[in-house]
Each structure stands twice: as C-alpha cells, then as structure tokens.
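A.B. asks: Take the position in the sequence shown, starting the count at 1, then add 320; the result is the number in this note's numbering.
We put the beta carbon where it would ideally sit given N, CA and C, even for glycine.
Dumping the structure here so I can ask a few things about it.
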Amino acid sequence: MVLFDRVHDASRVITSMGNKVDFLHEEVQRLKEGGDPEAVATTEGQASEAQNIAKNLQAKLDETTRRRELIEKEFGETWEELVDLCQMDLSRQAIEDYKKSSRFEMGLVRIGRVSLEYGYQLASARLRA
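Structure, rendered in structure tokens:
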C-alpha cells in the first residue's frame, strides 16, 4: 500500500513540475517580448532545471511502477501457492477425519467380513475338489 501511495505522490509531483515548466516557458516568452535579457536567462535556467527535475522524477516513477508491477506479480504467484497449499491441507484433513469416523471403520469391518467369507468359500471349494 505504501508503494502505491509513493507512486501516486510521485505522479502528482511530476504533474506539478510539468505545470511549473509550462509556466516558466510562458514567463520566458513574455520576458523575451519585454526585453530584459538577464531575467530571460535566469528564467530559462530555472525552466531548464525544472525540466531536468521533471525528467528525473519521471524516470523514478517509471522504475517504481515497474517494481510495483513485479511485486504485484510475485504476490499473485505467492497467493496462488498459498491457496493450493491450503486446499491440499484441507483435503488431507478431510481424509484423516473420514478415516477416524465410525462410517469408515464400519466399512472396514464389512470389507473384512467379505474377505473372510470369500476366503471361506475358496477354502471350501478347494476341499470339495
């Protein structure tokens, strides 16, 4: 969340610097028309400096945006892994709970009886033969 706030703040600063650059360019134009060369040079220097700052901030914003996208991607992958692990744990827990239930135990008893009956039938058939 902090990263999002920083990106948003940087975007606002860049917009503000862009507006300041536009204002300074207009002031330079007005001063050129007025004729004070020293004021024109000072204003052009300020405009150039503001433009450099805006470019630097734009580069930082681009880098921060790229990092945010990478973090979001990594978060998504981690979240998917966590969901998968939780589902596996829930499946295992459901199986263990079922094995502890009386229904499962009764099923095993029935299977045991069927096996005994089948074994008895096999032994009896062999004795008859």
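Identify which residue in Leu351, Asn339, Arg412 and Glu392 has its Cα closest to the Cα of Ile373.
C.D. replies: Residue Asn339 is the option with its Cα nearest to Ile373.
A.B. asks: Give me the Cα-Cα distance between Glu369 and Leu390, rounded to the nearest whole angstrom.
C.D. replies: Going from the Cα of Glu369 to the Cα of Leu390 covers about 32 Å.
A.B. asks: Would you say Gln378 and Ile334 are within 7 Å of each other, going by their C-beta atoms?
C.D. replies: Yes, the pair counts as a contact, with Cβ atoms nearer than the cut-off.
A.B. asks: Give a yes or no on whether the C-beta atoms belonging to Leu351 and Ala367 are separated by under 7 Å.
C.D. replies: No. Outside cutoff.
A.B. asks: Let's test the definition: count the other Cβ atoms within 10 Å of the Cβ of Met337 and tell me whether it reaches 16, buried, or not, exposed.
C.D. replies: Buried, because 16 or more other Cβ atoms sit within 10 Å of the Cβ of Met337.
A.B. asks: Could you tell me which whole beta strand (DSSP E) segments of length 3 or greater appear in the segment 359-384?
C.D. replies: Runs of the beta strand (DSSP E) inside the segment 359-384: none found.
A.B. asks: If the criterion is Cβ atoms closer than 7 Å, does the pair Leu381 and Ala414 meet it?
C.D. replies: In this structure, Ala414 does not lie closer than 7 Å to Leu381 by Cβ.
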